[in-house]
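Trainee: Sharing a structure below in C-alpha cells format, with a few things to ask.
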Amino acid sequence: MIWQLDLSVLTLIVICAFATIMVKDLLSAAIIFGAYSFLMCLLWTEMGAVDVAFTEASVGAGVSTVLFFAAVYQTSRKVGARKSGRLLSKAFALIAALLTGLVLVIAEADFPGFANPFTPASLHLSPYYITQTLHDTNVPNMVTSVLADYRGFDTMFETAVIFTAGLAVIAILRRFKKEDRHDLPEPYVISEGYPDTIIRFVARQLVPFIQLFALYVVAHGHHSPGGGFQGGVILGASFILLAISFDFKIVLGIMSERWNVLLGNIGVLIYAGIGFLCLLLGANFLDYSMLSKVLPATDKIMARSHGMLGIEIGVAIAVMAIVISIYLNIVSHGKYDKGL
Amino acid sequence: MTLVVILLTLTGLVFFFATTIGILRFPDFYSRMHAAGKGDTLSSLIILLALVLYNFHDINLANLLVAIKILLIVVFIFMASPTATHAIIDAGYEASIKPWMKKPEEES
Numbered sequence: 006m007i008w009q010l011d012l013s014v015l016t017l018i019v020i021c022a023f024a025t026i027m028v029k030d031l032l033s034a035a036i037i038f039g040a041y042s043f044l045m046c047l048l049w050t051e052m053g054a055v056d057v058a059f060t061e062a063s064v065g066a067g068v069s070t071v072l073f074f075a076a077v078y079q080t081s082r083k084v085g086a087r088k089s090g091r092l093l094s095k096a097f098a099l100i101a102a103l104l105t106g107l108v109l110v111i112a113e114a115d116f117p118g119f120a121n122p123f124t125p126a127s128l129h130l131s132p133y134y135i136t137q138t139l140h141d142t143n144v145p146n147m148v149t150s151v152l153a154d155y156r157g158f159d160t161m162f163e164t165a166v167i168f169t170a171g172l173a174v175i176a177i178l179r180r181f182k183k184e185d186r187h188d189l190p191e192p193y194v195i196s197e198g199y200p201d202t203i204i205r206f207v208a209r210q211l212v213p214f215i216q217l218f219a220l221y222v223v224a225h226g227h228h229s230p231g232g233g234f235q236g237g238v239i240l241g242a243s244f245i246l247l248a249i250s251f252d253f254k255i256v257l258g259i260m261s262e263r264w265n266v267l268l269g270n271i272g273v274l275i276y277a278g279i280g281f282l283c284l285l286l287g288a289n290f291l292d293y294s295m296l297s298k299v300l301p302a303t304d305k306i307m308a309r310s311h312g313m314l315g316i317e318i319g320v321a322i323a324v325m326a327i328v329i330s331i332y333l334n335i336v337s338h339g340k341y342d343k344g345l
Numbered sequence: 003m004t005l006v007v008i009l010l011t012l013t014g015l016v017f018f019f020a021t022t023i024g025i026l027r028f029p030d031f032y033s034r035m036h037a038a039g040k041g042d043t044l045s046s047l048i049i050l051l052a053l054v055l056y057n058f059h060d061i062n063l064a065n066l067l068v069a070i071k072i073l074l075i076v077v078f079i080f081m082a083s084p085t086a087t088h089a090i091i092d093a094g095y096e097a098s099i100k101p102w103m104k105k106p107e108e109e110s
C-alpha cells in the first residue's frame with residue numbers, strides 16, 4: 006500500500022460523491038458516478054482485492070453507467086425543481102440521518118481495529134482459507150473458492166437477488182398489451198440519422214473478442230481474478246454495445262425476449278440444481294465433493310473445482326440475461342419495438 | 003533495458019501532460035476531443051509498451067504470457083479509444099455544436 010496514492014484517490018472519491026449529488030444535470034451525474042466507480046476500482050486494486058475491483062469496473066463503471074444513461078435519455082435530463090416548504094419533513098429526514106450516523110459511529114467502537122491480527126477472523130478463519138484452499142479444493146484463486154464453495158449458499162442468493170431485480174424491471178416496465186401502450190411516449194432513438202460506418206465496423210470487429218474474453222473470465226475464474234458475475238456482465242455489455250452501435254432489433258434477433266427470460270431462469274436453476282444434485286447424492290446442499298460420484302475421472306477434491314465451474318457458468322448465464330433484459334426494457338419503455 | 007523503460011514511461015507521461023493541457027486549454031469541443039483522442043491513445047500505448055519491456059527483467063513463459071496480454075490491451079485501446087472519440091465528436095456534430103473560428107462570426 007502506498008498511502009499517498011490511497012489518500013489522493015480517496016479524496017477524489019469523496020469529491021466525486023459530492024459532485025454526483027450536487028450536479029443538476031443528470032447525465033453529468035451519471036458520468037461522475039462512473040468516474041467514482043472507476044476510482045473505487047483503482048482503490049481496490051491498490052488494496053489487493055482484484056476480484057472486487059474487476060466487479061466494480063464491469064458493473065459499476067461499465068454497465069450501470071450505460072443503464073443510467075438509458076434511463077436518463079428515456080425520462081428527463083434535468084433535476085425537477087426542488088419544492089420549497091415541507092420544512093418539517095426535511096427536518097425529520099435530517100434528524101433520522103444524524104441518528105443513524107450516531108448509531109453507526111457508536112457501533113464502530115465495538116469493531117476490532119483495522120487489520121488487527123488478533124481478531125477471531127484473522128486468527129482462525131483467514132489462515133484456514135489461505136493455507137487450506139489449495140489442499141481442499143485444488144483452486145488457486147482463494148477468493149473464488151470462498152465465494153463459490155465455502156460460502157456458496159450466499160452467492161446463490163446473490164444470484165437470486167440479481168434475478169429478482171430483472172423480474173422487478175420486467176414487472177414494472179414491460180407492456181404486453183397494445184391498449185396499455187398508447188399513453189407511453191415514443192422512446193428516444195439515436196440511430197435514426199445516417200448509420201455511422203466507423204462505429205459499426207469497429208463494434209462488429211470487437212464484439213466477438215469481447216465475448217471470447219468474457220468466456221475466458223468465466224472459465225478462468227479459478228486461477229485468476231474473475232468469475233461468473235464479471236463474465237456475465239461483460240457478455241451482457243457486448244450485446245448492449247451491439248444495440249447501441251447498430252440497432253435495437255439486432256439484439257432482439259440474436260436474443261429474443263423469450264430466450265432471454267428463459268436463460269435468466271436457467272442460470273439460477275443450474276446453480277440451485279447443482280446444489281440439489283449434491284443433496285441427492287447424499288452430501289450437504291452445495292457440497293460439491295460428492296459430485297465425484299457422477300463426474301467421470303475426478304476425485305473428491307477435483308470435484309469441488311468442477312462444481313465451482315458449474316455454478317460460475319450458471320451465474321454468468323443468469324447475469325447476462327438479466328443485464329440484457331433490463332437494458333432492453335429501459336430503452337424501449339417496455340414496448341420492445343424500438344429503442345436507443 | 004531499465005533506461006529504455008524509464009525513457010518510454012517519461013515520454014508517455016509527457017504526452018499525457020500535453021493531452022491534459024490540450025483538454026483544458028483548447029478553445030472548442032472539437033479540438034479538445036482531438037487532443038483527448040490522439041494524446042490519450044498514444045501515451046497509453048507508450049506506457050503499456052514500457053510495461054511490456056519492464057516485464058522482461060527475466061525471460062520465461064509466464065512473463066511472455068503477461069506481455070502478450072498487455073499487447074492485447076494495446077490493440078484494444080488502439081481500436082476502441084479513437085472510435086469512442088469519433089463517436090463523441092459525431093454526436094457533437096449532430097447536435098450542431100459550432101466549431102471555433104479565428105475571427106468571431108459576424109452576426110447577420
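Chain order of the listed sequences is A and B.
Residues in the first sequence are numbered from 6 upward in steps of one, following the numbering used here.
Residues in the second sequence are numbered from 3 upward in steps of one, following the numbering used here.
Beta carbons are placed, not taken as given, at the ideal position from N, Cα and C, and that holds for glycine.
#1: Output yes if chain A places a C-beta closer than 8 Å to the C-beta of B:M35; else output no.
#2: Nearest CA to the CA of A:T164: which residue from A:H227, A:K29, A:G272?
#3: Start and end of the alpha helix (DSSP H) containing A:H225?
#4: Assuming A:I275 and A:G237 are in contact, meaning their beta carbons sit under 8 Å apart, how far apart are those beta carbons, in whole angstroms?
#5: Considering A:S250, what are the terminal residues of the alpha helix (DSSP H) in which it resides?
#6: Against chain A, which members of the stretch 60 to 88 of chain B pass a CB distance test of less than 8 Å?
#7: Counting only C-beta atoms, is A:D201 closer than 8 Å to chain B at any point?
#8: Expressed to the nearest angstrom, what Euclidean distance is found between the alpha-carbon atoms of A:D252 and A:G258?
#9: Which bits of chain B does A:I204 rub up against, with CB to CB less than 8 Å?
#10: Closer than 8 Å, CB to CB, is A:V207 near chain B or not?
#11: Going by alpha carbons, who is nearest to A:A40 out of A:K29, A:V14, A:H338?
#12: Does A:L211 come within less than 8 Å of chain B when only Cβ atoms are used?
#13: To the nearest whole angstrom, what separates the beta carbons of B:A37 and B:T21, a pair I think is in contact under 8 Å?
#14: For B:I75, which residues from the same chain have a beta carbon less than 8 Å from its beta carbon, with the 5 sequence-adjacent residues on both sides left out?
#15: I'd like to know if the stretch 334 to 344 of chain A and the stretch 174 to 194 of chain A are in contact, where contact means that at least 3 CB-CB pairs between them fall below 8 Å.
#16: Which residues in the same chain have their Cβ closer than 6 Å to the Cβ of A:F244, if we skip the five residues on either side of it in sequence?
#17: Please report the distance separating the alpha-carbon of A:L333 from that of B:L15.
#18: Return helix, strand or coil for A:D141, following the three-state DSSP convention.
#19: Terminal residues of the continuous alpha helix (DSSP H) containing A:V328?
#20: Compare the beta carbon distance of A:L296 and A:L314 with 8 Å and say whether it is the shorter of the two.
#21: Enumerate, from N- to C-terminal direction, the unbroken beta strand (DSSP E) stretches of 3 or more residues contained entirely within the stretch 161 to 196 of chain A.
#22: Specify the secondary structure class of A:K83 as computed by DSSP and reduced to three states.
#23: Can you tell me whether B:D30 is helix, strand or coil according to DSSP?
#24: Helix, strand or coil: which one does DSSP assign to A:D30?
#25: Can you grab the Cα-Cα spacing for the pair A:F59 / A:L92, in whole Å?
#26: Just to confirm, are A:L247 and A:A208 a CB contact at a threshold of 8 Å?
#27: Along the chain, where does the alpha helix (DSSP H) containing B:S83 start, and where does it finish?
#28: Is there contact between the stretch 140 to 147 of chain A and the stretch 220 to 232 of chain A, where contact requires at least three CB pairs shorter than 8 Å?
#29: Have a look at B:F78 and A:V151 and give me their C-alpha separation to the nearest angstrom.
#30: Tell me which residues share the same chain as A:A219 and place their Cβ nearer than 6 Å to its Cβ, disregarding the 5 neighbours each side in the sequence.
#31: Nearest to A:Q137 by CA position, among A:F123, A:T124, A:Y155, is which residue?
#32: If contacts are defined as beta-carbon pairs under 8 Å, then B:I48 and B:R34 qualify, I think. What distance do you get, rounded to the angstrom?
Mentor: So, from the listed chains and residues:
#1: As a working note, residue 35 of chain B is residue 33 in the second sequence. No, B:M35 lies away from the interface with chain A (no Cβ there is under 8 Å from its Cβ).
#2: In the first sequence, the residue the question calls residue 164 of chain A occupies position 159. Out of A:H227, A:K29, A:G272, A:G272 has the C-alpha closest to the C-alpha of A:T164.
#3: Sequence index remark: in the first sequence, residue 225 of chain A carries index 220 (1-based). It is not in any alpha helix (DSSP H) - A:H225 carries neither H nor E in the DSSP assignment.
#4: Numbered from its first residue, the first sequence carries residue 275 of chain A at position 270. Numbered from its first residue, the first sequence carries residue 237 of chain A at position 232. 12 Å between Cβ atoms; not a contact.
#5: As a first step, residue 250 of chain A must be located in the first sequence, where it is residue number 245. It spans 233 to 250 - the alpha helix (DSSP H) in which A:S250 sits, taken as one unbroken run.
#6: F78, M81, A82, T85, H88
#7: As a working mapping, residue 201 of chain A is identified with position 196 in the first sequence. Output row for A:D201: interface = yes.
#8: Looking up residue 252 of chain A in the first sequence gives position 247. Looking up residue 258 of chain A in the first sequence gives position 253. Near 10 Å, if we compare the C-alpha coordinates of A:G258 and A:D252.
#9: Position 199 of the first sequence, counted from the first residue, corresponds to residue 204 of chain A. Chain B residues near A:I204: T85, H88, A89, D92.
#10: Your numbering for residue 207 of chain A matches position 202 in the first sequence. Closer than 8 Å: yes.
#11: Counting from 1 along the first sequence, the entry for residue 40 of chain A is found at position 35. Comparing Cα-Cα distances from A:A40 to each of A:K29, A:V14, A:H338, the minimum goes to A:V14.
#12: Here residue 211 of chain A is taken as the residue at index 206 of the first sequence, counted from 1. Yes, because at least one Cβ of chain B sits closer than 8 Å to the Cβ of A:L211.
#13: Walking along the second sequence from the start, residue 37 of chain B turns up at place 35. Walking along the second sequence from the start, residue 21 of chain B turns up at place 19. Indeed, because the Cβ distance is near 6 Å, the residues count as touching under 8 Å.
#14: The residue given as residue 75 of chain B occupies position 73 in the second sequence. Cβ neighbours of B:I75 beyond the five flanking positions: L50.
#15: Touching, yes.
#16: Counting from 1 along the first sequence, the entry for residue 244 of chain A is found at position 239. Taken in chain order, the residues that qualify are V256, I329.
#17: Counted from its first residue, the first sequence places residue 333 of chain A at position 328. Counted from its first residue, the second sequence places residue 15 of chain B at position 13. Spanning the two alpha carbons is a distance of roughly 41 Å.
#18: What you label residue 141 of chain A is simply residue 136 of the first sequence in a count that begins at 1. Looking at A:D141 - three-state DSSP - the assignment turns out to be helix.
#19: Here the question's residue 328 of chain A lines up with position 323 in the first sequence. First-last of the alpha helix (DSSP H) with A:V328: 305 to 336.
#20: Residue mapping note: residue 296 of chain A aligns to position 291 of the first sequence, counting from 1. Residue mapping note: residue 314 of chain A aligns to position 309 of the first sequence, counting from 1. Contact flag unset, no.
#21: none
#22: Walking along the first sequence from the start, residue 83 of chain A turns up at place 78. DSSP places A:K83 in strand when its eight states are reduced to three.
#23: Locating residue 30 of chain B in the second sequence gives position 28, where the first residue counts as 1. Residue state, collapsed to three classes: coil.
#24: Position 25 of the first sequence, counted from the start, is the residue given in the question as residue 30 of chain A. In the structure shown, A:D30 sits in a strand (DSSP, three-state: E or B).
#25: As a first step, residue 59 of chain A is located in the first sequence; it is residue number 54 there, counting from the start. As a first step, residue 92 of chain A is located in the first sequence; it is residue number 87 there, counting from the start. Computed Cα separation, rounded: 43 Å.
#26: As a first step, residue 247 of chain A is located in the first sequence; it is residue number 242 there, counting from the start. As a first step, residue 208 of chain A is located in the first sequence; it is residue number 203 there, counting from the start. Result yes, Cβ atoms of A:L247 and A:A208 sit closer than 8 Å.
#27: Counting from one through the second sequence, the residue named residue 83 of chain B turns up at place 81. It spans 63 to 96 - the alpha helix (DSSP H) in which B:S83 sits, taken as one unbroken run.
#28: yes
#29: Locating residue 78 of chain B in the second sequence gives position 76, where the first residue counts as 1. Locating residue 151 of chain A in the first sequence gives position 146, where the first residue counts as 1. Their Cα atoms are separated by approximately 32 Å.
#30: Translated into the one-based positions of the first sequence, residue 219 of chain A becomes position 214. For A:A219, where only same-chain residues beyond five positions count, the Cβ hits under 6 Å are G236, I239, L240.
#31: Indexing the first sequence from 1 puts residue 137 of chain A at position 132. Comparing Cα positions, the closest option is A:Y155.
#32: On the second sequence, residue 48 of chain B is found 46 positions in, with the first residue counted as 1. On the second sequence, residue 34 of chain B is found 32 positions in, with the first residue counted as 1. About 21 Å separates the Cβ atoms of B:I48 and B:R34, ruling out a contact at the 8 Å cut-off.
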